[in-house]
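Structure first, commentary second.
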Amino acid sequence: MFQRFLRPLCLVFAVTMILTSPTIILAQAKKPKPSPIPRGRPLTKEQYASVKRVKPAMRQKALQVASRIDDLLKVNYDYHNVKPNPKLNDAQFLRRVYLEITGTIPRLDQARQFLDSSVPSKREDLIDRLLSSPGNVSHTFNYWANILRLKDRPQGNQIAEPYLAWIKQSLAENQPYDRWVHEMLASQGKIWDSPATGYLLRDDGMQLSGLDNTVRVFLGTQIGCAQCHDHPFDSWTQREFYELAALTFSTRTRQNRQTKGYANGNPVQRVQKELKEKFPEKKPNGTFNRLLRANLYYVNETKANLRYPDDYAYDNAKAKQVVVPGVPFGKQPKLTAKTSKSKAFADWLTSRDNPRFTVAITNRLWKRVFGRGLIEPIDDIRNDSKPSHPELLDLLVSEMNRLNYNRKEFLRILYYTDAYQRQASTQNLDLDTDYMFPGPLLHRMSAEQAWDAILTLAVYYPESFQRPSVKQLSRIANLDLATVTAEEVTKRAEEFDEQVGKKAMARFRKSSSYKGMLLVRASEQPLPAPVGHFLREFGQGDRELISGSNDDATVPQILTMWNGPITHMMLEKGSVTYDNLLRAKSAREQVDVIFLSILSRYPDSGERAIAFKEMRKGNAGYGDVIWALINTREFLFVQ
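Per this note's numbering: the sequence shown = residues 1 to 639.
Structure below.
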């Protein structure tokens, strides 16, 4: 069943013979000279060195834990009479780990090297190398961008780039998960000085909704209902919601009359008045105003107290009464007049004594690897939620604690398992059906994986563009609002446009675009991509909802893959695929090049014969073979 689902290549070629494909039309029509495909530049040694590697000394322990996981799964196979899926062959394994660890397919040379290798440990070696690569940082950033709703401009004049850069840097450094979350929840100051504040700035002015999002993401629990009434399906009460919210309510996200920026009055009004008086011929442009207002965003803790709402109707508290802070489970924080409430909240949420924190991230990462959580839904864990494999969940939680929340080492264990290295299951499951994990669930590439995979076929170094660093942005954009002058803001605005803003992007687009498309990895594209972009057509969300992306099939996706510029690009002179075909010394090798490049495997005898027949037509035939393969389910699905 699995092979029938993923490899209907003969049918695709037959359809190609009957219908005139877009590539044939392109080959036969007279058209303008194509846009040159930019090559980019390879990453430097320093950029590779910035990514923390997994530890060779920890491999043996990882293999042992992986074996224990397989043993626990086998118990359930036997009990439920489930037959595990066949093991992946090398080609299937190669493609899966590249897509799921780096977010793209292997290059031709990488595919050949792995498939031709006879080293017994080559699978573990590849997993370790990919986890230690910049590609893993890019792909993991995309994963968290979907969860954390990352946007370039989350609110009005906010400049979120330092926060986005900090997330990538934290992932490259493999910062422990508990410290990473704690920093996002407890950091204070401006985003230039403390980029982790971007997390709280994302929900600027929405303390209660922001708390709901935080608990859902990091504790796997939905408490939004309890904002208005006791939760109808869980044990959360409205009082408990407000007690927890009292720990975060005093945190504000903008400068005000009590902060240093207002020492000389409203800084925006003061600077705009100065500009009008001293430089009447100058009018503030968008960057001037944006830069000035962006410095108003400032995370700070105030003495504000939360009160119960006017319509509070339960007997355990009174409407408008000041709420005494507290937590619904785990250790109660000890609060004094000098205690930072936001730090107390971060301490509690990320504590090992918090029963939900470790379970939530463990369950989330398991689902990332296998396609389904041990508890579903992964963001609605309740007191009565029952994991499908309780002993396995206990083992994974203990491992996460043993590893001190090292996500790379935890994922390494999961990738080492026999269960992960089995063929994917094609069954559809509802939330009430337990899955025994005979293999991961089959799924279509994410929008970001599909984009990055096609770039790999066309562009030599799509990772060459990197967004500005925190340090670079801070030097230009950080203003002291108490003393800044109109002249200084004007100068900084010009510098911002020239080095990291509109002018800088225009220069880069000129050198790194094809038919208007910016040829960089999905992690470096605008967040989110504009409506109509390939990424949005393939399901990237608008970043308004947690995990808002989807993998639904649509007609625009079909049209994009059949006749869009992104698929034509790989057929143009100068593309990676085009150049690799030119280097091939025989027709047989050319067929190998096409299959290895697109599907990461060698063709079988039937596919080879069909490809030979098509390629005898000349350039159009080569295009048809390539076009047919990228339109197969085998290309778009992660086996």
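Glycine included, each C-beta is placed from N, C-alpha and C at the ideal position. Keep in mind the model is a prediction, meaning the values are calculated, not measured.
As summarised for the segment 495-538, the continuous alpha helix (DSSP H) elements at least 4 residues long and confined to that stretch are 502-511 and 534-537, given in chain order.
Rounded to whole angstroms, R467 and A186 show a C-alpha spacing of 25 Å.
Under the 10 Å beta carbon count, Q525 is surrounded by 16 or more other beta carbons and is classified as buried.
Rounded to the nearest angstrom, the Cβ distance from I101 to Y416 is 12 Å, too far for a contact under 8 Å. Pairing Q540 with V470, the inter-Cα distance amounts to about 26 Å. Within the DSSP secondary-structure output, H443 pairs in a beta bridge with V638. Around the beta-carbon of Q321, fewer than 16 other beta-carbon atoms lie within 10 Å, marking it exposed.
Counting along the chain, no alpha helix (DSSP H) covers E301; the unbroken beta strand (DSSP E) around it starts and ends at Y297 to E301. In this structure, L211 sits away from A246, with a CB-CB distance that is not shorter than 7 Å.
Beta-bridge annotation (DSSP): S425 is paired with L441. When the beta-carbon positions are compared, F496 and I476 come within less than 7 Å of each other. Taking the CA atoms as reference points, V137 sits about 12 Å from A145. Y143 is positioned such that its CB atom lies no closer than 7 Å to that of G198. By alpha-carbon distance to A553, the top candidate from L545, Q238, M570 and H443 is H443.
Leaving aside the five residues that flank R307 on each side, the residues in its chain whose CB is nearer than 6 Å to its CB run, in chain order, K320 and V322.
Close CB contacts of M615 within its chain, under the 8 Å cut and outside five residues either way in sequence, are with A587, Q590, V591, G621, Y622 and V625 (chain order).
In this structure, the alpha-carbon of A313 lies about 41 Å from that of N266. With respect to the 7 Å criterion, D452 and G40 are not classified as neighbours on the basis of their beta carbons. Within 10 angstroms of the beta-carbon of V531 lie fewer than 16 other beta-carbons, which makes it exposed. Under the DSSP assignment, T287 falls in the alpha helix (DSSP H) whose first and last residues are G286 to A294. L599 places its beta carbon less than 7 Å from that of E634. With 16 or more other Cβ atoms from the protein chains shown falling within 10 Å of its own Cβ, M184 counts as buried. DSSP places V484 outside both helix and strand once states are collapsed to three, so it counts as coil.
In chain order, S187, Q188 and V299 place their CB closer than 8 Å to the CB of S194, counting only its own chain and leaving out the 5 sequence neighbours on each side. In this chain, the beta strand (DSSP E) harbouring R254 covers T251 to R254.
The bridge partners DSSP lists for K87 are R422. Q269 sits exposed, since fewer than 16 C-beta atoms from the chains shown fall within 10 Å of its C-beta. Two segments are said to touch when three or more pairs of C-beta atoms, one from each, lie closer than 8 Å; by this definition the segment 118-135 does not touch the segment 431-445. Between A62 and I413 a beta carbon distance of about 5 Å is seen, short of the 8 Å cut, so the two are scored as contacting.
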